[in-house]
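Visitor: Residue numbers (my numbering), protein chains in the order written: chain A, 805 to 996; chain B, 805 to 996.
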């Protein structure tokens, strides 16, 4: 997505530890008009998929999933990152190591919101080592639901998550893939 | 908002400890079509306000703020609940006691996303004791920004948060206010 690559070049900031900050339009402050363009692009990319539910993980995936869901006309569910006393005891869960916080957390989803009849599209802001996506995929497998694909705004192509998921036959589409990220600048992977 | 009261009566579940679960349409699974009606209603209710930014707190406020922001045509910022190494050192912060998790957490917002020129509308899913809203308000005050109002989907009118904020002259509008909540049912406060 050309407009996304241009926005990353304009507003993204590279920080030590392979961190790309895009927090002025994607995941702290959110440019809703631009997010709508991202939502429409996900619909275009996954136009041939039968999607009954969009799934994401709190917190920064929620805005993307909510805005995109308008174009798919399906509900979203978001997995939560720790057991809340507001949730039922009847939960799907998966353990996920966190790159950002250098710890492991539980991802949970109430069983009543995912069934074997669901066709699920996962949407998230970043894909790096793929840990969050793998946690969501294991929940979808536990539910017996069908994974239709994984849509990512920014993939760090120099980390292994995208390759591992695609090697498992999962349809991963990233609107921008960063091939390399150094002090000298960003290089995007060319996509058709 | 009549449609909201009807939806709460249809789908809400009262649990011990004054917990109202509305997680099948508002804050775990999200009915995006219905969320759009909520977004439009917030725009109608705050039509006379000059809003430059919508502010909320992760995680369940994000979908509401994102969908509503489309009608206000402004960016959203969401405050985060703990220090992330992805955030700048330059942060506004406030301490917030959590009713749900029976603990205290820090609410943080990067200073670059809120200035004295901003006119802020706070949106959130629930208002009970008002702790989250008070944390966001203290951040807005620290930034020297102008608070235009607080929009809430469901207010627990039998808890003190709404009254305390209104007593401080804050324009709090709740789309549904629960007057009482018992095993026998819910009673809504009548609003003009």
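A virtual CB, placed ideally from N, CA and C, is assigned to each residue, including glycine.
Measuring only between beta-carbons, confirm whether residue 870 of chain A sits less than 8 angstroms from chain B.
Guide: Position 66 of the first chain, counting from 1, holds the residue named residue 870 of chain A. Yes, because at least one Cβ of chain B sits closer than 8 angstroms to the Cβ of residue 870 of chain A.
Visitor: Compute the Euclidean distance between the alpha carbons of residue 826 of chain A and residue 929 of chain A, then round it to the nearest angstrom.
Guide: If you number the first chain from 1, residue 826 of chain A lands on position 22. If you number the first chain from 1, residue 929 of chain A lands on position 125. Each residue's alpha carbon lies about 10 angstroms from the other.
Visitor: Against residue 879 of chain A, what residues of chain B qualify as contacts under a CB-to-CB distance less than 7 angstroms, listed in chain order?
Guide: Within the first chain, residue 879 of chain A is the residue found at index 75, counting from 1. The answer, in chain order, is 833, 834, 835, 836.
Visitor: Under 7 angstroms Cβ to Cβ from residue 969 of chain B, same chain only, skipping five residues before and after it: list those, please.
Guide: Working through the second chain from its first residue, we reach residue 969 of chain B at position 165. Closer than 7 angstroms at Cβ, skipping near neighbours: 934, 937, 954, 976.
Visitor: Any chance the region 905 to 915 of chain B sits against the region 863 to 874 of chain A, with 3 or more Cβ pairs inside 8 angstroms?
Guide: no
Visitor: With 16 other CB atoms within 10 Å as the buried threshold, where does residue 857 of chain A fall?
Guide: Your numbering for residue 857 of chain A matches position 53 in the first chain. The residue in question, residue 857 of chain A, is buried, as its Cβ has 16 or more Cβ neighbours within 10 Å.
Visitor: Taking the alpha carbon of residue 848 of chain A as the reference point, which residue from A:983, A:979, A:985 has its own alpha carbon closest?
Guide: Along the first chain, read from residue 1 onward, the residue named residue 848 of chain A stands at position 44. Nearest option by C-alpha distance: A:979.
Visitor: Hey, is residue 841 of chain A's beta-carbon within less than 8 angstroms of any beta-carbon in chain B?
Guide: The residue you call residue 841 of chain A lines up with position 37 of the first chain. Cβ-Cβ to chain B under 8 angstroms: no for residue 841 of chain A.
Visitor: What residue range does the beta strand (DSSP E) around residue 985 of chain A cover?
Guide: On the first chain, position 181 is the one that residue 985 of chain A refers to. Note, residue 985 of chain A: beta strand (DSSP E), 976 to 986.
Visitor: Assuming residue 817 of chain B and residue 917 of chain A form a contact by the criterion Cβ under 8 angstroms, report the distance between their Cβ atoms to the nearest whole angstrom.
Guide: Counting from 1 along the second chain, the entry for residue 817 of chain B is found at position 13. Counting from 1 along the first chain, the entry for residue 917 of chain A is found at position 113. With a Cβ gap of about 14 angstroms, residue 817 of chain B and residue 917 of chain A do not count as contacting.
Visitor: Which stretch, first to last residue, makes up the beta strand (DSSP E) that contains residue 895 of chain B?
Guide: For the purposes of this step, residue 895 of chain B is taken as the residue at position 91 of the second chain. 895 to 902 is the extent of the beta strand (DSSP E) around residue 895 of chain B.
Visitor: Hey, is residue 827 of chain B's beta-carbon within less than 8 angstroms of any beta-carbon in chain A?
Guide: In the second chain, counting from the first residue as 1, residue 827 of chain B sits at position 23. Yes - at least one Cβ of chain A is within 8 angstroms of the one on residue 827 of chain B.
Visitor: For chain A, check one thing: does any of its Cβ atoms lie closer than 8 angstroms to the Cβ of residue 919 of chain B?
Guide: Here residue 919 of chain B corresponds to residue number 115 of the second chain, with the count starting at 1. No, residue 919 of chain B lies away from the interface with chain A (no Cβ there is under 8 angstroms from its Cβ).
Visitor: Between the alpha carbons of residue 983 of chain B and residue 844 of chain A, how many angstroms are there, rounded?
Guide: Residue numbering aside, residue 983 of chain B sits at position 179 when the second chain is read from its first letter. Residue numbering aside, residue 844 of chain A sits at position 40 when the first chain is read from its first letter. Going from the Cα of residue 983 of chain B to the Cα of residue 844 of chain A covers about 41 angstroms.
Visitor: Taking only three categories from DSSP, how would you classify residue 994 of chain A?
Guide: Position 190 of the first chain, counting from 1, holds the residue named residue 994 of chain A. Assigned with DSSP and collapsed to three states, residue 994 of chain A falls in coil, not helix or strand.
Visitor: Quick check on residue 820 of chain A: buried or exposed, where buried means 16 or more other Cβ atoms within 10 Å of its Cβ?
Guide: Position 16 of the first chain, counting from 1, holds the residue named residue 820 of chain A. Result: exposed.
Visitor: Using a 10 Å radius around the Cβ and a threshold of 16 neighbouring Cβ atoms, would you call residue 952 of chain A buried or exposed?
Guide: The count along the first chain starts at 1 and reaches residue 952 of chain A at position 148. When all chains shown are included, residue 952 of chain A counts as buried.
Visitor: Compare the C-beta of residue 862 of chain B with all C-beta atoms of chain A and state if any pair is closer than 8 angstroms.
Guide: The count along the second chain starts at 1 and reaches residue 862 of chain B at position 58. So, interface residue.
Visitor: Based on the DSSP output, what are the partners of residue 832 of chain A in its beta bridges?
Guide: For the purposes of this step, residue 832 of chain A is taken as the residue at position 28 of the first chain. Beta-bridge pairing links residue 832 of chain A to no other residue.
Visitor: Give the range of the beta strand (DSSP E) segment to which residue 955 of chain A is assigned.
Guide: On the first chain, residue 955 of chain A is found 151 positions in, with the first residue counted as 1. Residue 955 of chain A -> beta strand (DSSP E) spans 950 to 960.
Visitor: Show which residues of chain B have a CB atom less than 9 angstroms away from the CB atom of residue 914 of chain A.
Guide: Start at 1 with the first residue of the first chain, and residue 914 of chain A comes out as number 110. Those are 827, 828, 832, 833, listed as they occur along chain B.
Visitor: Near residue 830 of chain A, which residues of its chain fall below 7 angstroms by C-beta distance, leaving aside the five closest residues on each side in sequence?
Guide: As a first step, residue 830 of chain A is located in the first chain; it is residue number 26 there, counting from the start. Excluding positions up to five away in sequence, the list reads 929, 957.
Visitor: Does residue 994 of chain A pass the burial test, meaning 16 or more other C-beta atoms within 10 Å, or should it be called exposed?
Guide: The residue given as residue 994 of chain A occupies position 190 in the first chain. With fewer than 16 other Cβ atoms within 10 Å, it is exposed.
Visitor: Could you check the C-alpha separation between residue 964 of chain B and residue 809 of chain B for me, to the nearest Å?
Guide: Here residue 964 of chain B corresponds to residue number 160 of the second chain, with the count starting at 1. Here residue 809 of chain B corresponds to residue number 5 of the second chain, with the count starting at 1. Taking the straight line from one Cα to the other gives about 21 angstroms.
Visitor: Just mark residue 837 of chain A as buried or exposed, buried being the case when its beta carbon has 16 or more other beta carbons within 10 Å.
Guide: Translated into positions along the first chain, residue 837 of chain A becomes position 33. Classification for residue 837 of chain A: exposed.
Visitor: Label residue 884 of chain B either buried or exposed according to how many other C-beta atoms from any shown protein chain fall within 10 Å of its C-beta, with 16 as the threshold for buried.
Guide: As a position in the second chain, residue 884 of chain B is number 80, starting the count at 1. Classification for residue 884 of chain B: buried.
Visitor: Would you say residue 874 of chain A faces chain B, with C-beta separation under 8 angstroms as the test?
Guide: On the first chain, residue 874 of chain A is found 70 positions in, with the first residue counted as 1. Interface residue, yes.
Visitor: Mind reading off the beta-carbon distance from residue 967 of chain A to residue 931 of chain A? Whole number of angstroms is fine, and I expect it under 8 angstroms.
Guide: Position 163 of the first chain, counted from the first residue, corresponds to residue 967 of chain A. Position 127 of the first chain, counted from the first residue, corresponds to residue 931 of chain A. That pair is no contact at about 10 angstroms.
Visitor: Which residues, in chain order, does the region 931 to 962 of chain B contribute to contact with chain A at a C-beta distance below 9 angstroms?
Guide: So the list is empty, because no residue satisfies the distance condition.
Visitor: Within 10 angstroms of the Cβ of residue 913 of chain B, are there 16 or more other Cβ atoms? Answer buried if so, exposed if not.
Guide: As a position in the second chain, residue 913 of chain B is number 109, starting the count at 1. It is buried - the Cβ of residue 913 of chain B has at least 16 other Cβ atoms within 10 Å.
Visitor: Answer with buried or exposed for residue 872 of chain A, where buried requires no fewer than 16 other C-beta atoms within 10 angstroms of its C-beta.
Guide: Locating residue 872 of chain A in the first chain gives position 68, counting from the first residue. So residue 872 of chain A ends up on the buried side.
Visitor: State buried or exposed for residue 807 of chain A, treating a residue as buried only when at least 16 other CB atoms are found within 10 Å of its CB.
Guide: Stepping through the first chain from its first residue, residue 807 of chain A is reached at position 3. Residue environment analysis places residue 807 of chain A among the exposed positions, since fewer than 16 neighbouring C-beta atoms fall within 10 angstroms of its C-beta.
Visitor: Using a Cβ-Cβ cut-off of 8 angstroms (strictly less than) and excluding sequence neighbours within five positions of residue 974 of chain B, which residues of its own chain qualify?
Guide: Position 170 of the second chain, counted from the start, is the residue given in the question as residue 974 of chain B. Cβ within range, chain order: 941, 951, 953, 954.
Visitor: Measuring only between beta-carbons, confirm whether residue 989 of chain B sits less than 8 angstroms from chain A.
Guide: The residue labelled residue 989 of chain B in the question sits at position 185 within the second chain. Not closer than 8 angstroms to any Cβ of chain A, the Cβ of residue 989 of chain B fails to qualify, so no.
Visitor: Taking its Cβ as the centre, do 16 or more other Cβ atoms sit within 10 Å of residue 939 of chain B, making it buried, or is it exposed?
Guide: The residue labelled residue 939 of chain B in the question sits at position 135 within the second chain. Burial call: buried.
Visitor: Buried or exposed for residue 889 of chain A, going by 16 or more other Cβ atoms inside 10 Å?
Guide: Looking up residue 889 of chain A in the first chain gives position 85. Per-residue confidence for residue 889 of chain A stands at a pLDDT of 49, beneath the threshold of 50, marking its modelled position as unreliable; no derived number is given.
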